[in-house]
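Here our numbering is used: the first residue of the sequence shown is 65, the next is one more, and so on.
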Amino acid sequence: MLRPNAQITALSELTPEWLRARGLKGVVLDLDNTLVPYGEEGPVPEALLEWLASLKAAGIKVAIVTNALPGRARHWGERLGLEVRALAGKPWKGFRRTIRRMGLTPREVAVVGDQLFTDVLGGNLVGAYTVLVPPLSEKGLPHTRLIRRLERCILRTTARP
65 MLRPNAQITA LSELTPEWLR ARGLKGVVLD LDNTLVPYGE EGPVPEALLE
115 WLASLKAAGI KVAIVTNALP GRARHWGERL GLEVRALAGK PWKGFRRTIR
165 RMGLTPREVA VVGDQLFTDV LGGNLVGAYT VLVPPLSEKG LPHTRLIRRL
215 ERCILRTTAR P
């Protein structure tokens, strides 16, 4: 349950071709430290906008599922032009409803995030294809920093050959 289907070094690796090769028609993204650095309110990186535009142009459906507060989540959702589910209660809630709203099945969706215990576990629980990315920043809530240590140990012992 804590093993992602794939690990990548940057979101830009998730091209429409990469997704289609795996039968994926949608992407559900985490917000903090996946799309934007934790706590960041600055300008939207142009490369991020271009990447999202390439997915949308290819017919890939994209949404955000985050445990962030609604105000922060809406702020970024509007700036990125994406549907957002805030205070999602990951790993237990949020994914299934968002995937249903996309009109897809979990097997057609990649859940992408920087944490094993929320993004990967939640995606695996609903039957989605899970993708782990490195966090954009080491900043985060105190409990997140502690969990990252445990995640590193788990990743070392569960690495795919």
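Think of the CB as a built atom: it goes at the ideal place given N, C-alpha and C, for glycine as much as any other residue.
When you compare only the Cα positions, how much space is there between residue i and residue j?
i      : j      : result
Ala110 : Arg143 : A small correction: the amino acid at residue 110 is Glu; Ala does not occupy that position in the sequence shown. Going by the C-alpha atoms only, they are around 12 Å apart.
Glu104 : Gly167 : 31 Å
Ile218 : Leu180 : 9 Å
Ala192 : Val91  : 10 Å
Arg164 : Pro170 : 8 Å
Gly187 : Pro107 : 29 Å
Thr73  : Pro155 : 22 Å
Leu112 : Thr221 : 32 Å
Arg160 : Thr182 : 14 Å
Tyr102 : Asp178 : 11 Å
Ser118 : Gly158 : 25 Å
Leu116 : Ile211 : 29 Å
Ala230 : Met65  : The structure shown does not extend to residue 230, since the chain is modelled only from 65 to 225, so the question has no answer here.
With C-beta atoms as the reference, is residue i less than 8 Å away from residue j?
i      : j      : result
Thr194 : Pro68  : yes
Glu202 : Gly87  : no
Leu78  : Val190 : no
Ala132 : Leu95  : yes
Val184 : Trp140 : no
Leu75  : Ala174 : no
Leu196 : Asn97  : no
Please classify residue i as buried or exposed, where buried requires at least 16 neighbouring CB atoms within 10 angstroms.
i      : result
Gly145 : exposed
Pro134 : exposed
Glu114 : exposed
Gly123 : exposed
Pro198 : exposed
Ala137 : buried
At the 8 Å Cβ level, is residue i part of the contact set with chain B, yes or no?
i      : result
Gly177 : Of the chains in the structure shown, none is chain B; there is only one protein chain.
**Message:** Across the region 123-140 and the region 148-162, are there enough close Cβ pairs to call them in contact, namely three or more that are closer than 8 Å?
**Reply:** yes
**Asked** At what residue ranges does the region 80-108 contain a whole run of the alpha helix (DSSP H), taking only runs of 4 or more?
**Response** 80-85
Report task. Return the chain-ordered ranges of every alpha helix (DSSP H) run that is complete within the region 159-188 and spans a minimum of 4 residues. Result -> 159-166
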